[in-house]
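K.L.:
Could you have a look at this structure, given as structure tokens, before my questions?
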Ligand code: H2U
Ligand code: ZN
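Numbering (the working numbering), first residue to last: 8 to 357.
In structure tokens:
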């Protein structure tokens, strides 16, 4: 083997994730492994608009017996099986070892139905209806953030059975917690230190770099940019960034809510078009904690983490080296971005 330098898209290398401050191993030569190029049958049917046994459809009974109202827009409710409680006070453990550490963790869990129509997804909803969802995310962030024991509001959507979603009805969850969870905390520390060192914002600088290079940009509009990050772990991972330095859904202007809705639709439509299926993913938003501090260095963003690799059936598993060493990918982020960018903006079912 020659020792002369070879282009990044041909040779194993590692890339740095400055948000989580960890490395990802990139092995592009492995994409040359034999591949039968499976694609699934395009899902032709749109599915039921109303499912009488769905616990999220309007008017239906939930597991606890409560009936949903006959809602016509966005509908939010307290999760009947919350992971956190507002009044949980675990017993102090006087004889505990310093290695057995416990903290109380209070919180609230909410479920938000995006739309009464059971068959829809973000990709297939009208942009105006997604804008209403964005407004609900802002309202929930403000209301939950105002609770004295809440310091962080994590909104996320698990889409598709492959990502553990319990129900196809378009919905997301909110877990509002007393403590800032580890991943956003790590990202905030990285942004804070970057700001102290460079006197600028990590993600503002990163957005400018990506727009200048263009090769990892998937879509953009007046207010938002979607890119496959340089350090992406999941094959078709994307990062959605506001062009303006803003820290929370509560900072969005009316125009930014519309533009963000349009960007969510643009990205999820490309995802669905990639393998002509309703594309599974976890989508999460990182925003400023609600502890009342300014958190000037925090730049709002959305992460899409989709599991699929080559087809509707072939997913990436985070096992082996990833469990014991660190994240690894084969397909380069540049190739993933090029494939997503090249897809039509129109949904394959429309
Ligand atoms: P997921 O699809 O991401 O699991 O979200 C659905 C949530 O809905 C889940 O957290 C809640 C579950 O606890 N749920 C209710 O609150 N009431 C029900 O009747 C069933 C499910
Ligand atoms: Zn439903």
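C-beta atoms are modelled at their ideal positions from N, C-alpha and C, and glycine is treated no differently.
Everything numeric in this text was worked out from a predicted model, so none of it was measured.
Using DSSP bridges, identify the partner residues of residue 190.
P.N.:
Start at 1 with the first residue of the chain shown, and residue 190 comes out as number 183. According to DSSP, which records beta bridges pairwise, residue 190 is partnered with nothing at all.
K.L.:
Measuring only the C-alpha atoms, how far is residue 60 from residue 183?
P.N.:
Residue 60 sits at position 53 when you count from the first residue of the chain shown. Residue 183 sits at position 176 when you count from the first residue of the chain shown. Straight-line Cα distance between these residues: approximately 28 Å.
K.L.:
From the DSSP output, which residues share a beta bridge with residue 164?
P.N.:
As a first step, residue 164 is located in the chain shown; it is residue number 157 there, counting from the start. DSSP lists 290 as partners of residue 164.
K.L.:
Does at least one heavy atom of ligand 2 sit under 7 Å from the Cβ of residue 122?
P.N.:
Taking the first residue of the chain shown as 1, we reach residue 122 at position 115. Because no heavy atom of ligand 2 lies under 7 Å away, the Cβ of residue 122 does not count as near it: no.
K.L.:
In chain order, what residues of the same chain lie with their CB nearer than 8 Å to the CB of residue 266, ignoring the 5 residues before and after it?
P.N.:
Here residue 266 refers to the residue found at position 259 of the chain shown. Same-chain partners within the cutoff: 228, 229, 230, 231.
K.L.:
Which ranges does the beta strand (DSSP E) cover as unbroken runs of at least 3 residues, wholly within the stretch 101–160, from first to last along the chain?
P.N.:
Entirely contained in the stretch 101–160, the beta strand (DSSP E) runs reaching 3 residues are, in chain order, 114–120.
K.L.:
Taking 6 Å as the limit, name every residue whose beta carbon sits nearer than that to some heavy atom of ligand 2, in sequence order.
P.N.:
The answer, residue by residue, is 58, 61, 63, 64, 125, 176.
K.L.:
Just list the residues that DSSP pairs residue 24 with in beta bridges.
P.N.:
Taking the chain shown and counting its residues from 1, one reaches residue 24 at position 17. Paired residues: 29.
K.L.:
If we count the other Cβ atoms within 10 Å of its Cβ and call it buried at 16 or more, is residue 311 buried or exposed?
P.N.:
Here residue 311 corresponds to residue number 304 of the chain shown, with the count starting at 1. Per the 10 Å Cβ criterion, buried.
K.L.:
Is residue 173 a contact residue of ligand 1, with contact defined as CB to any heavy atom under 7 Å?
P.N.:
Mapped onto the chain shown, residue 173 falls at position 166. Result yes, Cβ under 7 Å from ligand 1.
K.L.:
Residue 86 and residue 297: beta carbons closer than 8 Å?
P.N.:
Against the chain shown, residue 86 aligns to sequence position 79. Against the chain shown, residue 297 aligns to sequence position 290. Their beta carbons are not under 8 Å apart, which means residue 86 does not touch residue 297 by this criterion.
K.L.:
Decide if residue 282 is buried, meaning its Cβ has at least 16 other Cβ atoms within 10 Å, or exposed.
P.N.:
Position 275 of the chain shown, counting from 1, holds the residue named residue 282. Buried, by the Cβ-count rule.
K.L.:
Can you tell me the Cα-Cα spacing of residue 211 and residue 252, whole angstroms?
P.N.:
Taking the chain shown and counting its residues from 1, the one referred to as residue 211 is at position 204. Taking the chain shown and counting its residues from 1, the one referred to as residue 252 is at position 245. Taking the straight line from one Cα to the other gives about 7 Å.
K.L.:
Here's the rule: buried if 16 or more other CB atoms are within 10 angstroms of the residue's CB, otherwise exposed. What is residue 195?
P.N.:
As a first step, residue 195 is located in the chain shown; it is residue number 188 there, counting from the start. Buried.
K.L.:
Along the chain, where does the beta strand (DSSP E) that runs through residue 84 open and close?
P.N.:
One-based indexing of the chain shown puts residue 84 at position 77. Start and end: 82–85.
K.L.:
In three-state terms, what does DSSP make of residue 233?
P.N.:
Looking up residue 233 in the chain shown gives position 226. Residue 233: strand per DSSP, three-state reduction.
K.L.:
Would the beta-carbon of residue 6 be found less than 7 Å away from any heavy atom of ligand 1?
P.N.:
Coverage of the chain is limited to positions 8 through 357, which leaves residue 6 absent and any answer about it impossible.
K.L.:
Please return the same chain residues whose Cβ sits closer than 8 Å to the Cβ of residue 54, not counting the five positions on each side in sequence.
P.N.:
Numbered from its first residue, the chain shown carries residue 54 at position 47. Around residue 54: 125, 126, 175.
K.L.:
Let me confirm a value: residue 28 is counted as buried when at least 16 other C-beta atoms fall within 10 Å, else exposed. Which label applies?
P.N.:
Here residue 28 corresponds to residue number 21 of the chain shown, with the count starting at 1. Classification of residue 28: exposed, given that the 10 Å Cβ count is below 16.
K.L.:
Pick out whichever of 64, 70, 71, 72 has its Cα sitting closest to the Cα of residue 80.
P.N.:
If you number the chain shown from 1, residue 80 lands on position 73. When each option's Cα is compared against that of residue 80, the closest is 64.
K.L.:
Taking the beta strand (DSSP E) that residue 245 falls in, what are its first and last residues?
P.N.:
Indexing the chain shown from 1 puts residue 245 at position 238. Its beta strand (DSSP E) spans residues 245–249.
K.L.:
Looking only at its own chain, which residues have a Cβ that is under 7 Å from the Cβ of residue 241, when we skip the five neighbours before and after it?
P.N.:
If you number the chain shown from 1, residue 241 lands on position 234. Contacts found: 312, 313, 314, 323.
K.L.:
Please confirm whether any heavy atom of ligand 1 lies closer than 7 Å to the CB of residue 11.
P.N.:
Position 4 of the chain shown holds residue 11. It does not: the Cβ of residue 11 is nowhere closer than 7 Å to a heavy atom of ligand 1.
K.L.:
Quick check: what's the CA-CA separation for residue 11 versus residue 221?
P.N.:
Position 4 of the chain shown, counted from the first residue, corresponds to residue 11. Position 214 of the chain shown, counted from the first residue, corresponds to residue 221. So the alpha carbons of these two residues sit roughly 27 Å apart.
K.L.:
Locate the alpha helix (DSSP H) running through residue 214, then write down its first and last residues.
P.N.:
By one-based count along the chain shown, residue 214 stands at place 207. Start and end: 209–220.
K.L.:
Note down the Cα distance separating residue 43 from residue 248, rounded to an integer number of angstroms.
P.N.:
Along the chain shown, one-based indexing puts residue 43 at 36. Along the chain shown, one-based indexing puts residue 248 at 241. At residue 43, the pLDDT of 48 sits below 50, so the modelled position is not reliable and the matter cannot be decided from this model.
K.L.:
How far does the alpha helix (DSSP H) with residue 265 in it reach, from first residue to last?
P.N.:
Working through the chain shown from its first residue, we reach residue 265 at position 258. Element bounds for residue 265: 261–282.
K.L.:
I'd like to confirm the pairing. Which residues does DSSP put opposite residue 224 in its beta bridges?
P.N.:
Against the chain shown, residue 224 aligns to sequence position 217. Per DSSP, 234.
K.L.:
Buried or exposed: where does residue 276 fall if 16 or more other Cβ atoms within 10 Å of its Cβ makes it buried?
P.N.:
As a first step, residue 276 is located in the chain shown; it is residue number 269 there, counting from the start. Burial call: buried.
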